[in-house]
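In what follows, a single structure is set out as structure tokens and then discussed.
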Amino acid sequence: LADKELGQLKREIARMREQLDRAVHSEQLTRLQNIIADKAREQEALLAENEMLERQIQHVLPRESPADAAAFRRLSEERTQISLRVKECQRVLREDEQRRARLQKDF
22 LADKELGQLK REIARMREQL DRAVHSEQLT RLQNIIADKA REQEALLAEN EMLERQIQHV
82 LPRESPADAA AFRRLSEERT QISLRVKECQ RVLREDEQRR ARLQKDF
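Be aware that the sequence shown starts at 22, since it is given in my numbering, and climbs by one per residue.
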């Protein structure tokens with residue numbers, strides 16, 4: 022009789038644990054869904070604010086002339102080319118320093 026009651030109690034405890042696990046899981050899902058909804062609302066508000074600020078900036082900034090835009094593009098391209106040349110020179114310098122170090126080590 023005691024073994025039968027003990028087995029019954031163990032099954033009842035296992036069933037209650039499963040119910041508790043499901044309830045906790047459900048609560049966690051609900052919290053996550055609420056957090057996601059809050060973040061979505063925050064993102065919408067930030068996007069709306071960003072759009073408003075961009076419109077305000079367009080009214081404040083002077084219009085860029087085609088000549089200015091072309092000059093800016095040219096300068097940007099020149100900057101890119103200079104940057105590439107500098108990187109190449111740095112690579113060559115590193116290689117030279119490595120060669121010099123090897124030669125000093127050998128002699």
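Beta carbons: idealized from backbone N, C-alpha and C, even for Gly.
### Query
Could you check where the alpha helix (DSSP H) with Pro-83 kicks off and where it finishes?
As a working mapping, residue 83 is identified with position 62 in the sequence shown. Premise fails: Pro-83 is in no alpha helix (DSSP H) and is neither H nor E.
### Query
What is the DSSP secondary structure of Phe-128, reduced to helix, strand or coil?
Against the sequence shown, residue 128 aligns to sequence position 107. Here Phe-128 sits in coil by DSSP.
### Task
Output the distance between the C-alpha atoms of Gln-111 and Gln-102, rounded to the nearest integer angstrom.
Residue 111 sits at position 90 when you count from the first residue of the sequence shown. Residue 102 sits at position 81 when you count from the first residue of the sequence shown. Straight-line Cα distance between these residues: approximately 14 Å.
### Query
When you compare only the Cα positions, how much space is there between Glu-118 and Leu-124?
Residue 118 sits at position 97 when you count from the first residue of the sequence shown. Residue 124 sits at position 103 when you count from the first residue of the sequence shown. The straight-line gap from Cα to Cα measures roughly 10 Å.
### Message
Distance check for Leu-114 and Phe-128, CA to CA, integer angstroms please.
### Response
Sequence index remark: in the sequence shown, residue 128 carries index 107 (1-based). Sequence index remark: in the sequence shown, residue 114 carries index 93 (1-based). Those two C-alpha atoms are separated by around 21 Å.
### Query
Could you give the distance in angstroms between the alpha-carbon of Ser-104 and the alpha-carbon of Leu-82?
As a first step, residue 104 is located in the sequence shown; it is residue number 83 there, counting from the start. As a first step, residue 82 is located in the sequence shown; it is residue number 61 there, counting from the start. Spanning the two alpha carbons is a distance of roughly 29 Å.
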